[in-house]
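Below: one structure, written as C-alpha cells.
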Amino acid sequence: MRSILTIVVLLSPPSGVLAQLGGTEFWFDGPEAVQPGSDREDPDVAVDGMRRTIVAWQANSNGQDVYVRRFDEIGAPLEDPILVNTTIENSQRFPSVAAAADGSFVVVWVNRVDIPPDRGVANYSIRSRHFGSDGLPTASEQIVNQLDPTFGGGSHLPDVAALTGGGFVVVWRSSTTNGDDSSTSIQGRLLNASGTPVGTQFQVNTTTDGLQSSPNVDGLPAVDPDGDYDGGFVVAWNRPGVHVRRFRADGTSGENDLQIDIDNDGERTDMAVAQHTGQVAVAWYFNDAVRTRLLDSNLSFVSGQLMASAVSDTTADHPTISDVGLDGFYLAWDSSTGPTGTDASGDSIQARILQVDGTFEGPQFQVNTWIMNNQQQPALGSSDGRLGIAWRSAGNPVPGANLADDHIIGYLLNYCDGIFCDDFESGDTTAWSTSVP
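This is the structure in C-alpha cells:
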C-alpha cells in the first residue's frame, strides 16, 4: 500500500488527522550521513501495535535494493536504514511492508533475474523477509511464489497484510498459469507468524478471462459478525474492472470475486483496499481520476461509486487508502495539476477523508508543504491511533538533504480510534497535537 499537505482552509471543521497537517515534513530516509544509495522511491508504510511506524523503500545502491526503517511513537528513528534483501545481484523493487500487533513485520518485494545475463530477458519472483519486534531479521530472504516463472514473465506487484489471528498474507500478479486461461492471474500465499511461507500458492481470481493486475490486500477483523471470515483478508484487483474477494484466515473462500465499479471500458490501475471494523473501502485510478467505493462486512455496497479527485484534477493517480478510526478512511494520491493548495510546480500529494457513512468530509486538500518539483507515490499505514504517510520527494530541502536527489518524506499523525481520545471527544480538534514530530 501513500501521502499529504500545505495548510488549506476547509469548508467544514477538520477532523483530528487534518488538524495536524502543515509544518516541517519528516525525512524518513535521512539524514544524509546514514542515507543509503540514491534515487529513493516506491515507499510503503506500516504501523505496529505499539504505534511504531515502519517505512520501506527502494534505492539505487547495488543495482536496486530494498531498505526499511522504524520510528518510535514520538517519531524518533529506532535505527539507521536496514538493507532488507540478502540477494544483492540484479534488481530488488516494489517493496511492501506489513506489521503485526507485537511489533514484528514482513517486507516483500520483486526480485529480477536476467536470463540469460545481459540479454534483455528477465524472470521475476516474489521475495520476503521477516523481522522481529526488535527490528532484527529472523532469517534470510525467502521465495514466496512456488510456480516457476516463464521467460520474460513471472511474478510482479506484491502486496502484504498482517492477519489479526497471527501471520501474514502476500498477493501478487502472476504471468505463470495456475488455473487461469488468460496471460495473468492474481496469486496469494500465507506466511506464518515467523514469516515462513506455509501451505500452497492459491489463485485469488475466479473470473479467468482478461488480464488480472494491481492486487492490494488488507486483513479483516478478528470477529466477522455476519459469517465465517474471522481474521481473514480481502483482496482488490483490476481485471479490467475493479474486483474484490474475501478469504478466510486459512486462504479459502466461499465466494466468487465481485466487480464493484460501474464503468465498462478502459483499464483500472493502482488498486488500494483498506478495512475498518468490517467496512471495506476500495480506491482505484481510471480515466485520469481517483474513484472509491465503500462496502460493508459482507461486501454489500454502502455507497455508490464516488469521484474522490476534483474534476479539475485531470491527472490524479497512484491512490492509497488506510483507516483512521472514527474519522473513516484516509485516501491520498498524486496529482500533476494541483487543483487545491499551493503546489503548481509539479506533482503534488492530494488527499480526502471518506467517512464511515460513505460520504466525504469536505473537499480534497493538499498534503505536501514543500511545493517545488515533484511529490509522488504516496503510501499510507495506520494502527492504534497512528497514521504514517510517506512519498517520494524530488529535491526536498529538508536540513542536510542533497537537493539533486529524491528522498522519502512524510508525516506521522494521530487519529482517534475510540470514543474518547486524550480526554477529548472525537471530533474536538483541540485534542490533537498540531505539531509534527
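Taken in order, the sequence shown gives residues 185 to 621; the numbers are from my numbering.
Ideal placement from N, C-alpha and C gives every residue a C-beta, glycine not left out.
Remember, predicted model here, so these are calculated numbers, not experimental data.
Residue i classed as buried or exposed, judged by whether at least 16 other C-beta atoms fall within 10 angstroms
i              : result
aspartate 601  : buried
leucine 587    : exposed
alanine 696    : Absent from the model: residue 696. The displayed extent of the chain is 185 to 621, so no value can be given.
glutamine 443  : exposed
asparagine 440 : exposed
methionine 491 : exposed
threonine 368  : buried
serine 484     : exposed
alanine 488    : Per the sequence presented here, residue 488 reads as glycine, with alanine not at that position. Glycine 488 is exposed by the Cβ-count criterion.
tryptophan 616 : Model confidence at tryptophan 616 stands at a pLDDT of 32, short of 50, so the residue's coordinates are unreliable and nothing is read from them.
isoleucine 446 : exposed
proline 409    : exposed
leucine 571    : buried
glycine 565    : buried
alanine 345    : buried
serine 529     : exposed
glutamate 225  : buried
leucine 320    : exposed
asparagine 598 : buried
asparagine 471 : exposed
Sheet register partners of residue i (DSSP bridge)
i                 : result
valine 595        : It should be pointed out that residue 595 corresponds to tyrosine in this sequence rather than to valine. DSSP output for tyrosine 595 lists Ile573 as bridge partner(s).
phenylalanine 417 : Gly403 and Phe431
aspartate 343     : Val355
asparagine 244    : Ser222 and Gln248
histidine 210     : Reading off the sequence, residue 210 comes out as phenylalanine, not histidine. In DSSP, phenylalanine 210 forms a bridge with Gly594.
asparagine 295    : Gln276 and Ser309
valine 457        : Val466
asparagine 422    : Ser397 and Val426
aspartate 472     : Per DSSP, none; premise fails for aspartate 472.
alanine 578       : Asp590
isoleucine 533    : Asp518
arginine 253      : Val239
alanine 283       : Phe289
Coil, strand or helix - residue i by DSSP
i              : result
valine 355     : strand
leucine 478    : strand
alanine 377    : coil
aspartate 601  : coil
aspartate 402  : strand
glutamate 263  : coil
leucine 515    : strand
glycine 542    : coil
alanine 588    : coil
leucine 483    : coil
alanine 217    : helix
leucine 320    : coil
leucine 510    : helix
proline 503    : strand
valine 328     : coil
isoleucine 555 : coil
proline 227    : strand
isoleucine 258 : coil
valine 268     : coil
glutamine 387  : strand
isoleucine 446 : coil
glycine 438    : coil
glycine 372    : strand
proline 583    : coil
Pair within 8 Å by beta-carbon distance, residue i and residue j
i                 : j                 : result
aspartate 343     : valine 401        : yes
phenylalanine 278 : leucine 331       : no
glutamate 209     : tryptophan 554    : yes
valine 464        : valine 418        : yes
alanine 323       : valine 281        : no
proline 227       : valine 218        : no
alanine 467       : leucine 515       : yes
asparagine 269    : valine 297        : no
phenylalanine 386 : glycine 435       : yes
valine 355        : valine 291        : no
alanine 473       : threonine 504     : no
aspartate 223     : aspartate 531     : no
isoleucine 573    : glycine 546       : no
isoleucine 272    : asparagine 246    : yes
serine 339        : phenylalanine 315 : no
alanine 433       : glycine 411       : no
proline 261       : glutamine 326     : no
glutamine 276     : aspartate 249     : yes
Cβ of residue i within 8 Å of any chain B Cβ
i           : result
alanine 574 : Going by chain labels, chain B is absent from the structure shown, which holds only one protein chain.
task = Decide if the stretch 510–517 is in contact with the stretch 576–589; the criterion is three or more beta carbon pairs, one per stretch, under 8 Å apart.
result = With a cut-off of 8 Å, the stretch 576–589 and the stretch 510–517 do not count as touching, because too few Cβ pairs lie within range.
message = Taking contact to mean 3 or more Cβ pairs, one atom from each stretch, closer than 8 Å, check whether the stretch 347–355 and the stretch 369–377 are in contact.
response = These segments touch.
ask   = Would you call the stretch 413–424 and the stretch 390–401 touching, i.e. three or more CB-CB distances under 8 Å?
value = With the cut-off at 8 Å, the stretch 413–424 and the stretch 390–401 touch.
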